Each structure stands twice: as C-alpha cells, then as structure tokens.
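Student: Its first residue numbered 1, the sequence shown is counted upward by one per residue in UniProt numbering. Following this message is one structure expressed as structure tokens.
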Amino acid sequence: MIVIRWILGQIILLLDAVTSPKSTVRELSAQKSIDDATASMSMYQFKTCPFCVKVRRELKRHALNIELRDAKNDIGIKAELVREGGRHKVPCLRTENPDGTVQWLYESNDIIAHLKKVFKLG
Ligand SMILES: N[C@@H](CCC(=O)N[C@@H](CS)C(=O)NCC(=O)O)C(=O)O
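Below, the structure is given as structure tokens:
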C-alpha cells in the first residue's frame, strides 16, 4: 500500500511538472503589493496531495507567493496545524490579519475561491 501510494504520488508530481501553468506577470509595483499581502499567509500542505497540487497550481498561475508548510514530514508544523487550525487536514490556508487574529481555511475549493476574491483574480 505504501509503495502504491508512493508511485501515485510520483505520478501526480510528474503530471503537475509537465503541465505546470504559466505564471501571470505583473508590473513590479502590482506584484509587490500582492507579495506584501501574501506575506501574512502560509499554506499547510503535503507535497503529493492532489488537493494541495490543485491549490499550488493556482498559486503559480496567479503568481501568489505564499509560503508552503510541510504538514506531513515536519512534526512541528503538523502539530501546529492540529493545535491551531483544529484538524490534520490539508490543504489549509493560514492568514494572519492586521489586528493579530488568525484565520484557518480548509478545503481546496474554498481556498482557491477565497484567494480569487481577495486578490480580484479571474
Ligand atoms: N475536500 C478536501 C480533501 C482534502 C484531503 O482529503 N486531504 C487529505 C490529503 S490528500 C488529508 O488531509 N488527509 C488527512 C491525513 O492524511 O491525515 C479538499 O478539497 O481540500
């Protein structure tokens, strides 16, 4: 089972690599203001999780530079996700608001919809 999972994971990564979307190119100032906003975000994820791949592809497509945190192999990050987010499920988007409160958002489709809304993306 572990071997089959590993093989499927490698296939997912290969397909993702060969069909990787092109990144949006923005003017420097526009990209800088998006980078400033995404600096307060991080995404808890597994490298070969298909739902995480789906979100990562959207991040790349829209040039959203969001820190990725490995919630599978890094036990500290995994514990942080469970303790603060409430569940060991990925992908999960963490956003630190300007007032210091933190928002944890699960579900790949909800994360993509949220990012599109926040950054007014098509
Ligand atoms: N409907 C969810 C599915 C996410 C999901 O099933 N993620 C799996 C990894 S692919 C997970 O977090 N499993 C929990 C675990 O392995 O502990 C989404 O679209 O984000």
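C-beta atoms are modelled at their ideal positions from N, C-alpha and C, and glycine is treated no differently. Note that the structure is predicted; figures quoted are calculated from it, not measured.
1. Counting along the chain, where does the beta strand (DSSP E) carrying T38 start and finish?
2. Please report how far the alpha carbon of K32 lies from the alpha carbon of T95, in whole angstroms.
3. Can the beta-carbon of A71 be found closer than 7 Å to that of Y106?
4. Hey, would you say R87 sits closer than 7 Å to I77, going by beta carbons?
5. Could you name the residues, in chain order, whose CB is less than 5 Å away from a heavy atom belonging to ligand 1?
6. To which residues does DSSP link M43 through a beta bridge?
7. Hey, out of V53, L15, R83, whose CA is closest to V102's CA?
8. What does a CB cutoff of less than 7 Å around I66 pick up in its chain, not counting 5 residues either side in sequence?
9. Would you say I4 faces chain B, with C-beta separation under 7 Å as the test?
10. Pull up the DSSP beta-bridge partners for V102, would you.
11. Just to confirm, is the Cβ distance from V53 to D110 under 7 Å?
12. Output needed for A63: all residues of its chain with C-beta closer than 6 Å, excluding positions within five of it in sequence on either side, in chain order.
Tutor: In brief:
1. Judged by DSSP secondary structure, T38 falls outside any beta strand (DSSP E) and instead within the alpha helix (DSSP H) spanning 28-38.
2. A direct Cα-Cα distance of roughly 18 Å separates K32 from T95.
3. Y106 is positioned such that its CB atom lies no closer than 7 Å to that of A71.
4. The Cβ atoms of R87 and I77 do not sit closer than 7 Å to each other.
5. Counting only heavy atoms of ligand 1, the residues whose C-beta sits closer than 5 Å to one of them are, along the chain, C49, F51, H88, K89, V90, E107, S108.
6. For M43, the pairing in a beta bridge is given by DSSP as L68, L93.
7. Ranking the options by Cα distance to V102, first place goes to R83.
8. Excluding five sequence positions before and after I66, the CB atoms of its chain that fall closer than 7 Å to its own CB belong to T38, M41, S42, M43, L59, given in chain order.
9. Of the protein chains in the structure, only one exists, and it is not chain B.
10. Secondary-structure assignment with DSSP links V102 through a beta bridge to E96.
11. No; because the gap between Cβ atoms is not below 7 Å, this pair is not in contact.
12. Cβ neighbours of A63 beyond the five flanking positions: S23, T24.
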